[in-house]
Each structure stands twice: as structure tokens, then as C-alpha cells.
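Right, one structure below, let's go through it.
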Amino acid sequence: MYTSIKVKDSTKKKLDVLQSKFTITTGRKISFQNLLDKISDYALLHEKELLKKLPALKDDPAWNGAIDWGEETDASKVDEYLYN
4 MYTSIKVKDS
14 TKKKLDVLQS
24 KFTITTGRKI
34 SFQNLLDKIS
44 DYALLHEKEL
54 LKKLPALKDD
64 PAWNGAIDWG
74 EETDASKVDE
84 YLYN
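Now the structure itself:
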């Protein structure tokens with residue numbers, strides 16, 4: 004089963020370069036899907052090194068403190084607001 008993913012144009016260009024380098028180096032063509040499979044396998048084999056290069060959650064702005072918007076809210080009505 005396949006699924007579509009969206010990547011930035013700059014990321015697509017990097018993947019295209021990597022795909023071309025593979026073809027030049029090995030003399031074999033590799034499909035984009037197969038290239039992504041190999042990259043994900045490699046990332047899992049080197050998971051610790053990869054995780055060191057990713058930003059920590061504490062550095063993610065989404066985890067910063069909540070902002071007071073000055074509006075009164077009723078927590079008991081959250082489901083009503085979200086799902087109705």
C-alpha cells in the first residue's frame with residue numbers, strides 16, 4: 004500500500020540529487036519510492052544519531068506557555084464547541 008506525502012521543493016530537489024548520485028555511482032536506476040524506503044531503513048538503523056540532530060521538544064514553539072486571550076471559557080463545554 005502506498006500513500007502520498009508532501010515535501011518542500013528544496014527537499015524534493017535534494018532527493019532528486021541523491022537519486023541521480025545513486026544512478027551514477029551504481030549504474031542502476033532507483034525509483035523514488037525505493038529511495039525513500041532505503042532512507043527510512045537507514046534512519047531507523049541510525050536512530051540515535053538522527054534523534055540527536057532533531058530539535059528537542061522544549062525548543063518547539065508549540066510547547067511554549069499558553070497565551071491569555073482575555074476570554075472567559077467554560078471547560079465543561081469544550082466537547083460541545085468542538086463537535087457540534
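Under the numbering used here, the first residue of the sequence shown carries the number 4, and numbering increases by one thereafter.
Glycine included, every Cβ here is placed at the ideal spot set by N, Cα and C.
Taking the Cα positions, A65 is about 32 Å away from D19.
Secondary structure of I8 (DSSP, three-state): coil. Excluding sequence positions up to five before and after L47, its CB lies less than 6 Å from no other CB in the same chain. Our two residues, A69 and K11, have alpha carbons roughly 29 Å apart in a direct line.
Straight-line measurement puts the Cα of S34 at about 53 Å from the Cα of E74. Counting only residues of its own chain and dropping the five nearest sequence neighbours on each side, F25 has a CB closer than 6 Å to the CB of I33.
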